[in-house]
Amino acid sequence: MTSITEPQKSTAEELDTESVDTKQTTITGNTFTRNKVESLGNRVRITDTDEESGLELYCYVKCGPDDSSLLRQCRGVVFHEQKIVMRAFPYTIEYNHHDDEEIERNISPIFENCSFYDAHEGALIRMFNFEGKWYTSTHRKLNAFKSKWASKESFGDVFVRSLENEFKTNEKFQKSLPEEGESILARFQSTLDTEKQYMFLVLNTEDNRIVCQAPQEPHLYHVGTFVEGKLVLTEDINIDYPRKHGFLNMREAHDYINNIDIRDLQGLIIFAPDNKQYKILHKDYQHLFKARGNEPSIKFRYLQVRMNQEYVDMLLHLYPHMKETFDNYENMLYSIAKMIHASYVTRHIRNKWSQLPTEEYRVDKACHSWHEEDHKNNKVKLEKVVEVLNQQSANDLNKMIRRFNEENKKKNEIQNTIQTRNRSNSFNLKSPLIKNQPVPSPVIVPTATLEQMENVVI
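Position 255, counted from 1, in the sequence shown is what the UniProt record's numbering calls 255; the numbers after and before it change by one each time, with no gaps.
Below, the structure written as structure tokens:
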């Protein structure tokens, strides 16, 4: 895969960001100001600041394809007081390759002015210089080394490892770096123009991959450079761009997406005039992506969708190694249901005191409310408790499972302690050093008590 270095006459290669069309009016580069951004109110917020430099990063709280272009442009905009320091890629409008009407209406009319590239699964990294200091950022953090998703490793760390791998495998990149420098990141930054802002895509790793398979080694692409407010896709910094396509029409683009392997690619990303971007995803990729969701924890995502068998099947397809974990979750939830039912019997049938944590008590209360509707026919059996438990939020289920694990851990620690003490009281009576019969320690709980402890409902 080669870098795009040759000059292009197509307007798509130098995309003017000086005007942004909204539904109501046209906002030029001069009027895309901090005041305009702040006029959006609580739809945007400051997601990060750097007190030393005075930089502030704005990002929309939530955005969709039907929102104004002004809001869509507010994706990681960096200000210093009233001055725009970094204005990066906007919200990307997504279609699947069977959304023919939307594609025909929004992309076909501007087809000749668009650039088409392979769409990889990864995270955007923005690099810019302010007052002599380079910033490696994401769209919500000025410091990418403090930003992570579904991984213990930050996006900044993955970016550096990708540069290190690029140094090993890309001779042109290797030769472009000075021999001396504190780190490969600093050496790379020393080759860049401080007046330009650079965009990179760091591919997902095994920890944070969603649908596509992670590369064996960390990898990145150069996906654009902002030069005097214009997105340029021909800037050569010795790092490859994603593969570019020269489709003759949208039918060719559709056929290409239809034949991609979603284990490798999402589909196509389209750079359009006025700093607009579109993605056309393979329909199967989009379907699997929706099942995975924007939830860092796969285990928590399972709790969110466990009653949707189609989504569960897709999660198992994406992460087959998680099957045992999902099964364990179901076993724990069933044990929790039995514990709640036992407490219900103690409290409401035997009229004895029984205490439950807040989340478990909600299940008890819902079951009893159902029973109160019809005392004769609505008998609260274990099946009813399971039914109500399955209606609880993922947050509540997660708290119950965590508590269940903690209590089991404590119980196991108590049992291990008792077994250790029992062994310490097992003397060899034939030893000449022992004159008297050993006396059992008074702190040891008898075995019968242990068996009773197993049945105690807390």
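Every residue gets a Cβ at the ideal spot worked out from N, C-alpha and C, and that includes glycine.
Only a predicted model underlies this, so the values are computations on that prediction, with no experimental measurement involved.
Give the single residue among the options whose Cα lies nearest to the Cα of residue i.
i, options, result
"V232", "H219, C59, R251 and A272", "A272"
"residue 466", "V211, L201, N238 and Q213", "Within the shown structure, residues of the chain are numbered from 1 to 458, placing residue 466 beyond reach of any answer."
"K148", "E359, I125 and N258", "I125"
"Y198", "V44, E228 and Q216", "E228"
"R105", "E359, M250 and L316", "M250"
"F404", "T92, I336 and A394", "I336"
"H340", "E180, F300 and V388", "Correcting the residue type first, residue 340 is Ile in the shown sequence and not His. The option with the nearest alpha carbon to I340 is V388."
"H80", "Y221, E112, E52 and P109", "E52"
"H321", "K410, K141, I260 and D207", "D207"
"I237", "N258, P296 and K172", "K172"
"E56", "D327, T194 and K83", "K83"
"E195", "D255, D396 and G132", "G132"
"R34", "E310, L71 and I107", "L71"
"N328", "Y302, E180, Y95 and E102", "Y302"
"T358", "Y344, M400 and T49", "M400"
"K365", "P296, K323 and V345", "V345"
"H120", "N143, I210 and E166", "I210"
Could you give the residue range of the beta strand (DSSP E) that holds residue i?
i, result
"L231", "K230 to V232"
"G224", "L220 to V227"
"E94", "I93 to N96"
"K276", "K276 to L281"
"Y256", "Segment M250 to N258 is the alpha helix (DSSP H) holding Y256; no beta strand (DSSP E) there."
Classify residue i as buried or exposed, calling it buried when 16 or more other Cβ atoms lie within 10 Å of its own Cβ.
i, result
"P218", "buried"
"R350", "exposed"
"D284", "exposed"
"G54", "exposed"
"K276", "buried"
"H97", "buried"
"F220", "One detail in the question is off: residue 220 reads as Leu in this sequence, not Phe. The residue is buried, with at least 16 neighbouring Cβ atoms inside 10 Å."
"M127", "buried"
"Q392", "buried"
"M307", "exposed"
"D48", "buried"
Look up residue i in the DSSP assignment and say whether it is helix, strand or coil.
i, result
"C59", "strand"
"residue 462", "As displayed, the chain neither begins before 1 nor continues past 458, which places residue 462 out of reach and without an answer."
"V44", "strand"
"R292", "helix"
"T326", "A small correction: the amino acid at residue 326 is Phe; Thr does not occupy that position in the sequence shown. Note: F326 maps to helix in three-state DSSP."
"A88", "coil"
"L201", "strand"
"F49", "In the sequence as displayed, the identity of residue 49 is Thr instead of Phe. Residue state, collapsed to three classes: strand."
"M127", "strand"
"T136", "strand"
"V78", "strand"
"Q437", "Note that Q437 has pLDDT 48, beneath the 50 cutoff, so the model's placement of it is unreliable and the number below is only indicative. The answer is coil: DSSP assigns Q437 none of H, G, I, E or B."
"K411", "helix"
"L265", "coil"
"A119", "strand"
"Q452", "Annotation note: pLDDT 42 at Q452 (below 50); position unreliable, no value reported."
"P432", "The predicted position of P432 is uncertain, since its pLDDT is 46 and thus under 50; no value can be drawn from it."
"F271", "strand"
Measure the C-alpha to C-alpha separation of residue i and residue j and round it to an integer number of angstroms.
i, j, result
"A150", "S162", "18 Å"
"F32", "D118", "30 Å"
"D240", "T169", "12 Å"
"G156", "G76", "16 Å"
"E330", "E383", "14 Å"
"K146", "F89", "20 Å"
"C212", "Q355", "47 Å"
"A342", "R292", "35 Å"
"H282", "R243", "17 Å"
"P215", "D264", "9 Å"
"P178", "R45", "39 Å"
"K279", "A123", "15 Å"
"N398", "L333", "10 Å"
"S154", "H139", "14 Å"
"R402", "F300", "12 Å"
"K9", "E112", "Caution is warranted here: a pLDDT of 35 is assigned to K9, below 50, making its placement in the model unreliable, and no coordinate value can be reported."
"Y91", "V385", "44 Å"
"V85", "C74", "13 Å"
"S68", "H287", "26 Å"
"S115", "N258", "19 Å"
"K36", "F226", "21 Å"
"I110", "C63", "23 Å"
"D50", "S137", "12 Å"
"Y61", "K230", "The sequence as given places Val at residue 61; Tyr does not occur at that position. Straight-line Cα distance between these residues: approximately 25 Å."
"K379", "I298", "36 Å"
Could you give the residue range of the alpha helix (DSSP H) that holds residue i?
i, result
"G64", "Note, G64: premise wrong, no alpha helix (DSSP H); not H, not E."
"T358", "T358 to E373"
"F159", "F155 to T169"
"L318", "Q309 to L318"
"R34", "R34 to E38"
Would you verify that the beta carbon of residue i is, or is not, closer than 8 Å to some beta carbon of chain D?
i, result
"K276", "The question asks about chain D, but that chain is absent: this structure has only one protein chain."
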